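**Q**
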Amino acid sequence: MIEQVWNDFLNIVRVELGSRIVETWFKAVMFSRYDVEQQAAYITAPNSFVKEWIQRHYKELFDVHFPRLLNVDSVTIIFSES
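Take 222 as the starting number for the sequence shown in this note's numbering and just add one per residue.
1. Give the C-beta separation of ILE264 and ASP284 to the nearest angstrom, bearing in mind that I take them to be a contact with Cβ-Cβ under 8 Å.
2. So, is the C-beta of GLU237 closer than 8 Å to a C-beta in chain D?
3. According to DSSP, is ASP256 part of a helix, a strand, or is it coil?
4. What would DSSP say about SER301, mapped onto helix, strand or coil?
5. Is the separation between the beta-carbon of GLU224 and that of LYS272 shorter than 8 Å?
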């Protein structure tokens, strides 16, 4: 399920922002876990720079699309680094 949601999200990003953004910023990022009880999606970046960039520039994409992709009303997005 996580892999399908992530692939669907990347396709949306590709359509809305272009393949270059996906390759530059999202290729090394992954949807690592979903906590159903807390309705929290965990997004893991390879380092703090990428994590902060994704949070600062693309968090709204997660907020808009993840609830629909996960079929819930709202999702808390938690960013971390590996």
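We put the beta carbon where it would ideally sit given N, CA and C, even for glycine. Note that the structure is a prediction, hence the values are computed from the model and not measured.
**A** By the coordinates alone:
1. On the sequence shown, residue 264 is found 43 positions in, with the first residue counted as 1. On the sequence shown, residue 284 is found 63 positions in, with the first residue counted as 1. At roughly 12 Å, the Cβ-Cβ gap does not stay under 8 Å, so ILE264 and ASP284 are not in contact.
2. Considering every chain present, this structure includes no chain D. It has just one protein chain.
3. The residue you call residue 256 lines up with position 35 of the sequence shown. Note: ASP256 maps to strand in three-state DSSP.
4. As a position in the sequence shown, residue 301 is number 80, starting the count at 1. Strand.
5. As a working mapping, residue 224 is identified with position 3 in the sequence shown. As a working mapping, residue 272 is identified with position 51 in the sequence shown. Against a cut-off of 8 Å, the Cβ pair of LYS272 and GLU224 comes out as no contact.
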